[in-house]
Every structure is written in C-alpha cells, then in structure tokens.
Amino acid sequence: MTRSIVYGAGLLLTIAATIMTLASIAMPKWVSYSPNGKREYSYGLHSRCSAVTGTCVPFPRTSDCTKDPSFCNMWRTVGFLISFGVVVELCTIVSFVIIMAGGVQRRAAGWQVAVGVLAFSAIVQCAGMSIVAFLFDHDDRFWNGWHLDHSWSLCTASWTILTITALGIAASAIYLPAEGDYELIPDASYVEQDDRLLSRIAAWDNGWKGGDAGSGTQYSYQRDQDAMSVTSVAASSLAPSSRRGTDVHGSLPGHRGSIP
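Here's what the structure looks like:
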C-alpha cells in the first residue's frame, strides 16, 4: 500500500528532476571545447555559443544540415526528445497531485499510473542523452579538447532520479502494509437484537451453577430472582382487574357489605 508520504517524496523528486531538465535545455552546454581548461565553444540543443566573441547563434543552422545532414537530424531529435520529456514530467506532477488529493483507494491504485509516467519520462530523456553521447564519440567535429558538459550531466541526473523514484513507489506499493481506511457501513437489512433480551439471556447463562450435569435442575440465585420478577409482574397486571370486579359487585343494589 502506497502512503501519502511516499507520494509526497515522489512529487518533490519529480519537481527537482523537471527543474534539472529545464536547466539542461536552457543552458547551451551539452558539449564544450576547453583546450586549456577554459571553455571557448559550447553546443546547446538550440544554440552554439562562443566565449571568445561572447555571442550565441542558432544551432543547427541550414548550412550545418547541408554539410552533415545525419548529425543535424540526430541533434534535432535530441532537442525534441528532451522537450517532450519535460511535458511528460509535468504530466507526472499533475498525476501526483490528483492521486494525493484523492482518498485511500486512489492512493492504493494510483501507483501504477505514477510509475508508468515516471518510467516513460526517464526512457525518453535517457534516449536523448544517449544520442548526444553517441555523437560525441563518433562524429568528426568533436576532437581532443571537447567534453560532455553541465547540461548533459543534468539530463543524466534527471532521468536517474525519475528511475529511482519509480522503483521506490513500486516497492512501497508491494511491501508496505495496508493503509487505514474507513469502516464499512453495516447492511441496512441487519436488525439489531434487543439489548434487554441479550442481557437477560446472558444473565441466565451465567447463572447456571453447573452442579449435576446430567440432572440440569440447579440454578443460581440470579435465575430464581428473574423467575420471581416475572411472577411479580404477572401478579401486578392481574390485580387491577380483580379490584374492578370487587367494586362492581359491591355497588349492586340490595347488597351492602360483603356477600355471605
């Protein structure tokens, strides 16, 4: 059973991963050229910057795609994948809010949705990161002095956090005990027994002395008192009727006093 605290931690980690992904898109530092330990050129998903001139130009440009169309297509694919990963991360945050705002049943069943969108977002970003790493290792434009920079590291950290979050939520759903829920309302057709009747039966059962188990004739003082109370109630209910008969008989004409 996944608890609210688990979803809360997952929400915070997802927000952190989303911020990292946005930062990797905003910073043009996926691959940088630093021959002497000082950055001179850097590539971003949508721009290329030069520390020498202090300017940034759009990248890849049409001329870049003409010279090396395969590199251009793969780099644009990375930009699409990382941007799409941000959209999936935002959907993940919304799903966390909806699940946490619901009741226990929604939290119990919603972990599958949360794990699914987390895993999908991690796969998308991992694919984009892998393409950049492949181009860095195999494209001729990257020679000695080029290195994977901060944006690539942020993207790697983002999908790693998403993967760990998905595994943690799945493990909590499997291994944590069930969360407390509301008690079920009894069926309306159920008729509760009379409390006095139940207490009387219990008193009679507790009043059995045991004695001779075969004879079954010994009862306690409590049972005798119950029998006497029943007799007294019956006698009191008959007394008014006998008094009414005496009054009527004594009021007949020609009769005074008691009848011989």
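Residue numbers (the UniProt record's numbering): 1 to 260.
Just so it is clear, CB atoms sit at the ideal spot from N, CA and C, and this is done for glycine as well.
Treat the numbers as computed from the prediction; the structure is a model and nothing was measured.
- The beta-carbon separation of Y7 and R107, rounded to 7 Å, stays under the 8 Å limit for a contact.
- Residue pairing for T55: DSSP places it in a beta bridge opposite S50.
- Short of 8 Å from the beta carbon of F136, and not among the five residues preceding or following it, lie these beta carbons of its own chain, in chain order: V31, F142, W146 and L148.
- Secondary structure of S42 (DSSP, three-state): strand.
- In the DSSP assignment, S34 falls outside any beta strand (DSSP E), carrying neither H nor E.
- Taking C-alpha positions only, H150 is separated from A178 by approximately 42 Å.
- Taking a cut-off of 8 Å on C-beta distances, the segment 13 to 20 touches the segment 156 to 175, as three or more cross pairs fall below it.
- Two segments are said to touch when three or more pairs of C-beta atoms, one from each, lie closer than 8 Å; by this definition the segment 126 to 140 touches the segment 73 to 81.
- Note on the segment 90 to 163: whole beta strand (DSSP E) runs with a minimum of 3 residues are 146 to 148, in chain order.
- With 16 or more other CB atoms across the displayed protein chains lying within 10 angstroms of its CB, P60 is buried.
- In terms of Cα proximity to A114, the closest of S95, V104, W159 and K29 is S95.
- Secondary structure at A178: coil, using DSSP grouped into helix, strand and coil.
- Apart from sequence neighbours up to five positions away, the residues of its chain that approach K29 with a beta-carbon distance below 6 Å are S42, D149, H150 and S151, ordered along the chain.
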